[in-house]
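Comments concern the structure below.
Numbering (mature numbering (1 follows the signal peptide of the UniProt record, and there is no 0)), first residue to last: -27 to -1, 1 to 510.
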């Protein structure tokens, strides 16, 4: 019955897509300012919707058929389920690549959802979605240039490499040299994004809503709402350019102590448009390329510390956060000033790329989020509950929220041990996380649907940073959490000081800060003692 129902749903999706697109196609094309683009849109929508529906039905049918009759908890069921996960992940990967654009963005997001979906999906998407995206042809690149600047690349630049050095979900990057000899990176929006972005958004929304009706525990409507809001901004490269400028200004004004260690490429404004972004070319190692980082004379742990501090400052102090810090968007190079650490290692500079997706945290949200992380670092159960509830998790799901933020079970979250939040990245750690994800899937879906979207983007940012840290350190580091504890505590104190006017109130806050600094110092000492003990044993 379930199988017949699924195939009937697939047929309904096909009929709906055909009716929607053929019924209004003639009118749409006739009244469009660009009939060719309208025709392309009307032919693309039913094809993509049919492709989406067929893939979804195939995946669901595979699970239903392959696992039918296998006892829950048996070794045979676990083996077959692993195989189905792999097959389904590859089907989803193929769908993302064939459709491109928004679907690549969705695939990238799936690659970060370790707390929600099986590891087979995470690994398949993470390995392919960041550096194997579809490429636009040189003719398509020329088409964008003609529309935006009225000339082809070879006229705009002295040199232009027609082969892109990187391709992402929304655009690809070429190397060029300006007429005055400057080497630049040229970000060109994929032409199909202009043609199909709205259609892709509509088909994804239709598919997600349909799956939610079939399987109520599958509730990704929040992701569709986020795409609807953020995609138009990501498709306007001038917004991205302004974000990069604002990001560096925030570090100079609000975090001057690390401003020299964070950089973003300079924008060539005279050549940049909403679909073309011309930037200073940056040379550096990808943040997850440990071997190249070491060849540059930089210690990976120094990079991990810098990444942690950079994003802690953004989240807790600036309230203006780069929400797509996956490895392809973070480069590392030696600090241009040539400064070195005590033992001769070069100090790193972090280069932030792709500034299209930023989120602003208002004062109240930023204060609650900083307070929550401070409570997590110091195993403060009451503080965790109070600030999780303020952020929308509710009194029934605050424990789960803390678990998703830290990727630790509740008994570890509130454990007073100095390394209670550290993930070692072992197989047992991963299997434990997957067990919790499977066991609490409905509750996780409910939590994600009730949290504000800005917090959902913070979760995505945490997931990206966790993956970066894992590649640099083979797990998380206690030092990372000490940095988070320090920056979040400073942000909470600064926020309270802004609200307090009387001298006595300020003295109370100073005393509170002194106590937290003492606790941080105690944790730091414990951390170094732990390292010494491990070195001796």
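For glycine and all other residues, C-beta sits at the position ideal for the given N, C-alpha and C.
{"Item": "Return the chain-ordered list of same chain residues with a C-beta closer than 7 Å to the C-beta of residue 453, the five sequence neighbours on each side being excluded.", "Value": "277, 281 and 442"}
{"Item": "Going by DSSP, which residues form a beta bridge with residue 147?", "Value": "159"}
{"Item": "To the nearest angstrom, how far is the alpha carbon of residue 431 from that of residue 67?", "Value": "28 Å"}
{"Item": "Ends of the beta strand (DSSP E) at residue 272?", "Value": "From DSSP, residue 272 is part of no beta strand (DSSP E); its letter is neither H nor E."}
{"Item": "Do residue 137 and residue 129 have their CB atoms nearer than 9 Å?", "Value": "no"}
{"Item": "Kindly give me the distance between the Cβ atoms of residue 106 and residue 141, rounded to whole angstroms, as I take these residues to be in contact under 8 Å.", "Value": "5 Å"}
{"Item": "Which two residues bound the contiguous beta strand (DSSP E) that contains residue 307?", "Value": "303 to 307"}
{"Item": "Compute the beta-carbon to beta-carbon distance between residue 428 and residue 364, rounded to the nearest angstrom, for a pair I have assumed lies under 8 Å.", "Value": "6 Å"}
{"Item": "If you pair each beta-carbon of the stretch 176 to 194 with each one of the stretch 110 to 117, do three or more pairs fall below 8 Å?", "Value": "no"}
{"Item": "Measure the C-alpha to C-alpha separation of residue 47 and residue 90 and round it to an integer number of angstroms.", "Value": "20 Å"}
{"Item": "Nearest by alpha-carbon distance to residue 439: which of 380, 471, 464 and 408 is it?", "Value": "380"}
{"Item": "Would you kindly check if the distance between the Cβ of residue 269 and the Cβ of residue 320 is under 9 Å?", "Value": "no"}
{"Item": "Less than 9 Å between the C-beta atoms of residue 204 and residue 246, yes or no?", "Value": "no"}
{"Item": "According to DSSP, residue 255 sits in a beta bridge with which residue or residues?", "Value": "The partner list for residue 255 (beta bridge, DSSP) is empty, contrary to what the question assumes."}
{"Item": "Applying the 10 Å Cβ sphere with the 16-neighbour rule, what's the burial state of residue 264?", "Value": "exposed"}
{"Item": "DSSP three-state call for residue 140: helix, strand or coil?", "Value": "strand"}
{"Item": "How would you label residue 38, buried or exposed, when you count the other beta carbons within 10 angstroms and need 16 or more for buried?", "Value": "exposed"}
{"Item": "Sorted by chain position, which residues of the same chain lie with C-beta nearer than 6 Å to residue 389's C-beta, five sequence neighbours on each side aside?", "Value": "352"}
{"Item": "What would DSSP say about residue 381, mapped onto helix, strand or coil?", "Value": "coil"}
{"Item": "In the DSSP assignment, the alpha helix (DSSP H) including residue 294 goes from what residue to what residue?", "Value": "From DSSP, residue 294 is part of no alpha helix (DSSP H) but of the beta strand (DSSP E) over 293 to 295."}
{"Item": "Can you list, in chain order, the stretches of the beta strand (DSSP E) that have 3 or more residues and sit fully within the stretch 197 to 259?", "Value": "249 to 253"}
{"Item": "With H, G and I counted as helix, E and B as strand and the rest as coil, what does DSSP make of residue 323?", "Value": "strand"}
{"Item": "What do you reckon, are the CB atoms on residue 235 and residue 444 nearer than 9 Å?", "Value": "no"}
{"Item": "Using the Cα positions of residue 209 and residue 232, report the straight-line distance between them to the nearest angstrom.", "Value": "27 Å"}
{"Item": "Closest to residue 156 by CA distance: which of 165, 162, 169 and 132 is it?", "Value": "132"}
{"Item": "Assuming residue 40 contacts residue 54 under a Cβ cut-off of 8 Å, what Cβ separation, rounded to an integer in Å, is found between them?", "Value": "6 Å"}
{"Item": "Three or more beta-carbon pairs under 8 Å between the stretch 450 to 469 and the stretch 306 to 316, yes or no?", "Value": "no"}
{"Item": "With DSSP as the reference, label residue 133 as helix, strand or coil.", "Value": "strand"}
{"Item": "DSSP state of residue 331, grouped into three classes?", "Value": "strand"}
{"Item": "In the DSSP assignment, the alpha helix (DSSP H) including residue 356 goes from what residue to what residue?", "Value": "354 to 363"}
{"Item": "Give every residue of the same chain whose Cβ lies closer than 6 Å to the Cβ of residue 436, excluding the five residues on either side of it in the sequence, and list them in chain order.", "Value": "85"}
{"Item": "What residues in its chain sit with their C-beta under 7 Å from that of residue 43, if we drop five residues either side in the sequence?", "Value": "49, 50 and 53"}
{"Item": "Helix, strand or coil for residue 313 per DSSP?", "Value": "strand"}
{"Item": "Under the rule that 16 or more other beta-carbon atoms within 10 Å means buried, what is residue 188, buried or exposed?", "Value": "exposed"}
{"Item": "Counting along the chain, where does the alpha helix (DSSP H) carrying residue 193 start and finish?", "Value": "No alpha helix (DSSP H) contains residue 193, which DSSP labels as neither H nor E."}
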